[in-house]
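Chemist: Okay, handing you the structure first.
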Amino acid sequence: MLLKGKKGLVLSVTNENSIGWAIADAAANHGAEVGVGGQNDKMRGRVEALTEGRPNMKAFTVDFQIDEQIEALVEEVKKTYGGIDFFVHSAAFANRDDLSGRFIDTSRDGFKLALDISAYSLVRMCKALEPIMNEEGSVMALSYLGSVRAVSNYNVMGVAKAALEASVRYLAADLGVKGIRVNTLSPGPINTVAARGVKGLTEMIDYVHERSPLKRRFGQEEVAGSAIYLMSDLSKGVTGQVIYIDNGYNIVGM
Ligand SMILES: NC(=O)c1ccc[n+]([C@@H]2O[C@H](COP(=O)([O-])OP(=O)(O)OC[C@H]3O[C@@H](n4cnc5c(N)ncnc54)[C@H](O)[C@@H]3O)[C@@H](O)[C@H]2O)c1
Numbered sequence: 000m001l002l003k004g005k006k007g008l009v010l011s012v013t014n015e016n017s018i019g020w021a022i023a024d025a026a027a028n029h030g031a032e033v034g035v036g037g038q039n040d041k042m043r044g045r046v047e048a049l050t051e052g053r054p055n056m057k058a059f060t061v062d063f064q065i066d067e068q069i070e071a072l073v074e075e076v077k078k079t080y081g082g083i084d085f086f087v088h089s090a091a092f093a094n095r096d097d098l099s100g101r102f103i104d105t106s107r108d109g110f111k112l113a114l115d116i117s118a119y120s121l122v123r124m125c126k127a128l129e130p131i132m133n134e135e136g137s138v139m140a141l142s143y144l145g146s147v148r149a150v151s152n153y154n155v156m157g158v159a160k161a162a163l164e165a166s167v168r169y170l171a172a173d174l175g176v177k178g179i180r181v182n183t184l185s186p187g188p189i190n191t192v193a194a195r196g197v198k199g200l201t202e203m204i205d206y207v208h209e210r211s212p213l214k215r216r217f218g219q220e221e222v223a224g225s226a227i228y229l230m231s232d233l234s235k236g237v238t239g240q241v242i243y244i245d246n247g248y249n250i251v252g253m
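Using numbering that gives the first Met the number 0, you'd call the opening residue of the sequence shown number 0 and step up by one each time.
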């Protein structure tokens, strides 16, 4: 029960395979009150099905591109929980056409869309949630190694993740004054709806599992474990960091 007495939000969840769902589920099992977000009404329906019968979970709706929805969410969260202790940003989007072939072909609109939803949204959400974040709060975002390496087909999403990780460092500096920590979790490839948008996902997963120092499969559960650490007081000296959850793949050279 590492999170007894803590309350927070995990945005967004698509289905039971979502990394956000694994994190929300683990947080609730560790005693937290967890608000779980769906991007729209359809997703909210799925979130409600997942949270049904879980007394310490509640469904919310927010589209990160719609400011009115962000403001309405903050009001609803405030009414429900008062202040919150954690916020998990687990959302990304790019046009499917921009997740295959040559990065150089990315359109201006495709670039803007990917960066807006996948990186700027963290800044926007932190600004909106700052007034209701408790001291000692913890914020985390989900990134991927494509932010620092040129990974085939990851393309514009790699650029968005680089912006996300840089945003985490600036937000850590801004919010550190209030005792709020901001970090990045960087999992290796995991089979989810969003990940399937990247061409060749299955090959990526096999490649990473074969070449990583730890010779076993990893998935949502491993990511959730690190998220619980970051939400809990065990990590109270940790901010602005990127934590890789990829069986160590990121350290391998030849
Ligand atoms: N699956 C992987 O291999 C992997 C690896 C590293 C990082 N990540 C990151 O993990 C996070 C969660 O992705 P996932 O793999 O669990 O996939 P997922 O499809 O289950 O979750 C992605 C979520 O983003 C939401 N989203 C998209 N646009 C949004 C918007 N405008 N407003 C609000 N929500 C929006 C979707 O509704 C969806 O619920 C993403 O940031 C992703 O880039 C995933």
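Where is the CB? At the ideal position from N, CA and C, for every residue including glycine.
#1: Leaving out five residues before and five after Ala58 in sequence, what residues of the same chain have Cβ atoms less than 7 angstroms from its Cβ?
#2: Pull up the CB-CB distance for Val181 and Leu170, whole angstroms please, since I reckon it's below 8 angstroms.
#3: Threshold first: 3 residues or longer. Then list the beta strand (DSSP E) segments lying entirely within the region 111-159, N to C.
#4: So which residues touch the region around ligand 1, with touch meaning a C-beta under 5 angstroms from any heavy atom?
#5: Assign Gly236 to one of two classes, buried (16 or more other C-beta atoms within 10 Å of its C-beta) or exposed (fewer than that).
#6: Is the beta carbon of Ala165 sitting closer than 9 angstroms to the one on Phe92?
#7: Could you have a look at Ile18 and say whether DSSP puts it in helix, strand or coil?
#8: What residue ranges within the region 4-60 form continuous beta strand (DSSP E) runs of no fewer than 3 residues, ordered along the chain?
#9: Taking 9 angstroms as the cut-off, decide whether the C-beta atoms of Asn249 and Leu112 are in contact.
#10: Which first and last residues belong to the beta strand (DSSP E) in which Tyr243 is found?
#11: Assuming contact is defined by CB atoms lying nearer than 9 angstroms, are Pro186 and Val155 in contact in what I supplied?
#12: Got a sec, what are the start and stop residues for the beta strand (DSSP E) Arg180 sits in?
#13: At a cut of 8 angstroms, does the region 77-95 reach the region 130-140 through at least three beta carbon pairs?
#14: Can you give the Cα-Cα distance for Val167 and Ile204, rounded to whole angstroms?
#15: Taking the CB atoms as reference points, tell me whether Ile227 and Ala26 lie closer together than 9 angstroms.
#16: Val87 by DSSP, collapsed to three states: which one?
#17: Beta-carbon of Glu135 versus every beta-carbon of chain D: anything under 9 angstroms?
#18: Let's test the definition: count the other Cβ atoms within 10 Å of the Cβ of Thr191 and tell me whether it reaches 16, buried, or not, exposed.
#19: Along the alpha helix (DSSP H) that carries Leu200, what are the first and last residues, could you check?
#20: Measure from the alpha carbon of Thr79 to the alpha carbon of each residue in Ile65, Lys6, Ile22 and Ile103, then state which is nearest.
#21: When you compare only the Cα positions, how much space is there between Gly218 and Ile65?
#22: Within its chain, find whatever has a CB closer than 7 angstroms to the CB of Asp97; leave out the 5 residues flanking it on each side and keep chain order.
#23: Use the C-beta contact count for Asn246: other C-beta atoms within 10 angstroms, 16 or more gives buried, fewer gives exposed.
#24: By the three-class DSSP mapping on this structure, what secondary structure does Asp62 have?
#25: Assuming Ala71 contacts Ala118 (C-beta within less than 8 angstroms), just tell me the rounded distance between them.
#26: Buried or exposed: where does Pro130 fall if 16 or more other Cβ atoms within 10 Å of its Cβ makes it buried?
Modeler: Reading from the atomic positions:
#1: So the qualifying residues of the chain are Val35, Gly37, Arg43, Val46, Glu47 and Thr50.
#2: The pair is a contact, with the Cβ atoms about 4 angstroms apart (cut-off 8 angstroms).
#3: Taking only runs of at least 3 residues, the beta strand (DSSP E) segments lying wholly in the region 111-159 are 132-141.
#4: That gives Ser11, Thr13, Ser17, Ile18, Gln38, Asp62, Phe63, Gln64, Ser89, Ala90, Ala91, Phe92, Ile116, Leu141, Tyr143, Pro186, Pro188, Ile189, Thr191, Val192, Ala193 and Ala194.
#5: With a threshold of 16 other beta carbon atoms within 10 Å, Gly236 falls short and is exposed.
#6: With a cutoff of 9 angstroms on beta-carbon distance, Ala165 and Phe92 are scored as not near each other.
#7: It is helical.
#8: Fully enclosed beta strand (DSSP E) runs of 3 or longer: 6-10, 32-37 and 56-60.
#9: Taking the C-beta atoms as reference points, Leu112 is found no nearer than 9 angstroms to Asn249.
#10: From DSSP, the beta strand (DSSP E) with Tyr243 extends over Val241 to Ile244.
#11: Result no, Cβ atoms of Pro186 and Val155 do not sit closer than 9 angstroms.
#12: That run of the beta strand (DSSP E) goes Arg180 to Pro186.
#13: Verdict: yes, contact present.
#14: Straight through space, the alpha carbons of Ile204 and Val167 are spaced by roughly 26 angstroms.
#15: One thing to note: Ile227 has its Cβ within 9 angstroms of the Cβ of Ala26.
#16: In the three-state reduction of the DSSP assignment, Val87 falls in the strand class.
#17: The question asks about chain D, but that chain is absent: this structure has only one protein chain.
#18: Burial call: buried.
#19: Run containing Leu200: Leu200 to Arg210, per the alpha helix (DSSP H) assignment.
#20: Sorting Ile65, Lys6, Ile22 and Ile103 by C-alpha distance to the C-alpha of Thr79 places Lys6 at the top.
#21: Rounded to whole angstroms, the gap between the alpha carbons of Gly218 and Ile65 is 31 angstroms.
#22: Apart from sequence neighbours up to five positions away, the residues of its chain that approach Asp97 with a beta-carbon distance below 7 angstroms are Thr105, Gly109, Ala113, Asn154 and Val155, ordered along the chain.
#23: Asn246 comes out buried.
#24: Look at Asp62 here: in three-state DSSP terms it is coil, with no helix or strand label.
#25: Contact doesn't hold; Cβ gap of about 23 angstroms is too wide.
#26: Exposed.
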